[in-house]
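Just below is one structure, and these are the notes that go with it.
Chains as they are written, first to last, in the numbering used here: chain W, 1 to 435; chain V, 1 to 464.
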């Protein structure tokens with residue numbers, strides 16, 4: 001919202017407050033949203049420290065006189081910095097080692113630990129094990145601890161929500177702000193620049209992606225990091241080649257016929273693109289893409305991001321179209337500042353606020369889609385335990401009520417919390433609704 | 001008005017074309033060889049005879065180029081699509097990528113094929129089946145391996161078996177020819193050709209063109225799973241999805257509109273607070289969780305055994321009303337799960353719409369004139385707040401399609417959503433992409449209808 005709106009809504013008391021101070025104060029007034037934010041922070045804490053909350057290894061242990069930190073060492077091993085002694089492989093950390101003393105995490109299980117003695121253990125009934133090793137939320141068909149699965153599932157859910165929205169933001173912000181700021185009539189380039197960029201983008205695509213297509217596809221078998229790197233290199237070559245080609249424009253521009261300006265209707269192009277994406281029900285589109293790629297959590301995140309950018313793009317486009325007619329943008333143009341400065345320094349920061357609303361709702365829907373996909377058993381590899389997968393177990397064993405109740409509740413709560421934050425942001429950012 | 005509709009449809013067509021291209025490209029990059037899948041080949045099973053393979057390939061139209069044009073490098077031939085097997089084609093592109101000399105690679109492929117054919121001639125004498133199998137295995141590696149060491153390994157492993165008996169030794173000249181062909185590929189490498197772009201125009205007789213043409217005609221191809229035409233299959237499965245969607249949409253509108261108006265009228269009271277909270281919670285409740293909970297607690301003897309957990313019931317040999325009763329009994333839970341989400345969504349929209357109308361000046365005027373509250377609400381505010389809700393029909397539509405997936409799966413109702421998931425699991429790609437294409441089409445028609453409805457009911461909109 002613009003400064004003008006803010007003042008007209010709350011004329012007397014907020015004169016001295018900056019915009020964000022004002023938003024924070026409005027947000028804090030909404031207790032539901034505020035407590036949701038606290039709860040989400042708590043869940044994020046669980047997601048980050050999942051390994052210390054639910055793990056088969058002790059956090060601290062003294063064994064044969066030396067103190068060690070097995071959970072921490074686990075990280076080092078995963079990074080390839082250390083190795084477990086050979087006799088530590090395939091052991092039961094709880095029974096096979098006689099510690100001098102050991103502090104286990106509150107939930108002494110990993111989501112993949114099998115406890116064959118305790119299959120479908122009811123959380124309310126006697127499980128026949130020591131209270132310390134009790135499965136507080138029961139176990140599934142092969143004795144995996146539900147609580148441990150839920151704690152580690154938090155991490156997957158948050159990762160999917162945040163990374164997917166990150167992708168969505170990159171695409172949505174770029175396209176939406178281009179469309180909103182330039183509109184249909186403001187982007188004028190010379191004919192020659194248009195032609196050269198058009199041709200160059202073919203060549204750039206060829207050298208950046210086509211020639212390197214095998215390096216990119218091979219990277220998929222190496223993991224997300226390799227893929228990201230290959231794509232970055234590709235993008236770099238792509239834009240570098242286009243930039244190089246554009247150097248040609250400078251001498252050619254001297255010819256008047258080529259230097260004539262053409263208007264690019266950027267807004268129409270972007271709006272059409274948005275229409276293409278929203279024309280397919282997003283869940284169906286996600287399923288279709290997931291059907292042709294290898295099961296991996298990275299793909300799930302990328303695909304959700306690729307489909308869900310339209311909301312962000314629409315918001316920022318509409319907001320920029322509104323903002324750019326406001327006086328202060330006109331003023332900055334009148335003072336002789338460049339369009340780019342007006343865009344980055346004034347227009348975008350002012351148009352960004354409604355995007356936060358979309359992000360909050362977007363994270364909620366991304367988490368929902370991911371749990372739905374894993375509930376269907378599509379797209380998420382078998383070894384990854386997620387909330388949706390836990391819930392799916394309940395379908396094959398309806399008697400195990402705890403499999404139906406707890407994971408579903410986790411999904412529901414997390415989605416609701418993000419939705420509540422979204423609502424709170426809507427109220428805080430739009431003073432017109434607060435009358 | 002007519003002009004507006006025409007214009008709207010004209011915008012509709014390019015969008016549809018872009019969507020169809022995207023979906024078609026997805027189907028092209030889908031893993032697996034469509035021809036082999038259509039013939040029901042498995043990795044463990046017997047290899048498919050070349051004639052049967054080629055015949056099926058022709059029937060499917062897979063012997064045509066994929067698209068109107070292709071962008072590739074100078075190293076690639078414009079005839080690569082003629083190589084029958086997808087796996088071989090992919091392997092050859094790898095070789096081209098490494099060496100950049102198609103004539104030599106092609107020569108290598110052809111002599112290797114000749115060697116393969118010669119093995120079948122030897123087989124008739126059936127001297128040493130064990131050795132022949134080993135030769136075949138290693139030979140087949142030549143078609144699917146591209147790394148130098150793998151190919152050399154295949155050659156080395158083949159040799160002792162070829163030399164083992166006199167009858168297999170007849171293969172030796174061809175073997176040597178193949179090996180020389182491979183060495184020529186390596187020695188005459190022209191890797192630079194990979195860096196020279198080229199553009200090939202194939203014309204209209206291509207796979208995409210035919211696919212789109214057939215799709216418009218209602219021929220969606222055949223399913224891998226049961227080889228039935230997909231159009232028939234869709235017809236069967238569409239029935240229940242349509243029935244359930246229609247009932248659900250009607251229920252949603254009948255309940256949501258009064259609920260929204262009621263809630264807006266009571267704005268600020270406790271009733272409104274409770275109602276808003278309930279609607280918000282319903283909106284956030286994932287339907288797959290609710291469905292699982294309902295099945296767990298209401299459909300089985302351990303807890304409450306009130307409803308059937310799945311299916312539509314058996315109505316064979318029953319009278320009309322009795323069958324109706326059985327169907328209705330089976331559909332209670334699915335319909336509930338299907339409806340509550342959109343109900344909550346629509347009520348919230350209705351409430352919002354009503355509230356914003358109630359803030360308008362003309363409503364204040366109506367009140368100021370001394371009209372009764374009922375008259376203000378129903379005569380002045382209601383009609384105007386209804387406009388956006390009617391058009392939300394378009395948004396409810398995709399919601400229905402996505403909803404059908406989970407409800408039909410959990411309650412085992414033979415509908416489109418269930419068909420989609422089963423096709424993804426199989427994987428039966430033609431069915432998947434047909435369903436995606438159809439749901440895109442339906443959604444777009446929904447938007448189109450909504451736009452036209454909006455223009456029809458709102459006199460403020462001019463058709464420009």
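From the three backbone atoms N, C-alpha and C, an ideal C-beta is built for every residue, glycine too.
Counting along the chain, residue 72/V sits inside the beta strand (DSSP E) bounded by residues 69-73.
Per the coordinates, the alpha-carbon of residue 29/V lies some 42 Å from the alpha-carbon of residue 163/V.
In chain order, 214 make up the part of chain W whose C-beta sits under 7 Å from the C-beta of residue 97/V.
Of the residues assessed, residue 207/V falls on the buried side of the cut-off, its CB having 16 or more other CB atoms within 10 angstroms.
Under DSSP, residue 190/W shares a beta bridge with 261/W.
The three-state secondary structure of residue 291/V, taken from DSSP, is helix. Between residue 310/V and residue 411/V, the gap from beta carbon to beta carbon is short of 7 Å.
DSSP places residue 197/V in the strand class (E or B) of the three-state scheme. With its beta carbon less than 7 Å from one in chain V, residue 368/W belongs to the interface.
A residue is called buried once 16 or more other Cβ atoms fall within 10 Å of its Cβ, and residue 241/V is buried on that count. Take the alpha-carbon of residue 299/V and the one of residue 337/V: they are about 14 Å apart. Collapsing the DSSP output to three states places residue 241/V in a helix.
For residue 305/V, DSSP records a beta bridge to 299/V. Taking every protein chain shown into account, the CB of residue 147/V has fewer than 16 other CB atoms within 10 angstroms, so this residue is exposed. Between residue 152/W and residue 348/W, the CB-CB gap reaches or exceeds 7 Å. Residue 291/V has a beta carbon lying at 7 Å or more from every beta carbon in chain W.
Going by DSSP, residue 421/V is part of the alpha helix (DSSP H) stretching over 416-425. For residue 288/V, the nearest beta carbon of chain W is closer than 7 Å to its own beta carbon. Taking a cut-off of 8 Å for Cβ pairs, the stretch 92-103 of chain V and the stretch 227-238 of chain V do not touch, as fewer than three such pairs fall below it.
Residue contact with chain W for residue 65/V: absent (no Cβ-Cβ distance below 7 Å to any residue of chain W). By the neighbour-count criterion, in which 16 or more other beta carbons inside 10 Å mark a residue as buried, residue 98/W falls on the exposed side. Each of 295/W, 54/W, 124/W, 357/W was checked against the Cα of residue 426/W, and the nearest Cα belongs to 357/W. Pairwise C-beta distances place the stretch 105-118 of chain W in contact with the stretch 141-150 of chain W, as three or more of them are shorter than 8 Å.
The residue among 426/V, 203/V, 109/V with its C-alpha nearest the C-alpha of residue 179/V is 109/V.
Taking 7 Å as the CB threshold, residue 139/W stays off the interface with chain V. Taking the beta carbon of residue 94/V as reference, the chain W residues within 9 Å of it are 214, listed in sequence order. With contacts defined by Cβ atoms closer than 7 Å, residue 424/V and residue 409/V do not form a contacting pair.
Inclusion of residue 174/V and residue 85/V in the CB contact set at 7 Å is not warranted, their separation being larger than that value. A straight line joining the alpha-carbon of residue 367/W with that of residue 269/W spans about 30 Å. Residue contact with chain W for residue 302/V: present (Cβ-Cβ distance below 7 Å to some residue of chain W).
Of the residues 432/V, 66/V, 67/V, the one whose Cα lies closest to the Cα of residue 286/W is 432/V. Spanning the alpha carbons of residue 20/V and residue 33/W requires a straight line of approximately 42 Å. Pairwise C-beta distances place the stretch 370-379 of chain V out of contact with the stretch 286-303 of chain V, as fewer than three of them are shorter than 8 Å.
Per DSSP, residue 22/W is one residue of the alpha helix (DSSP H) stretching across 19-29. Around the C-beta of residue 83/W, fewer than 16 other C-beta atoms lie within 10 Å, and the residue is accordingly described as exposed. Taking residue 303/V as the centre and dropping the five residues before and after it, the same chain places the C-beta of 297 closer than 6 Å to its C-beta, in chain order.
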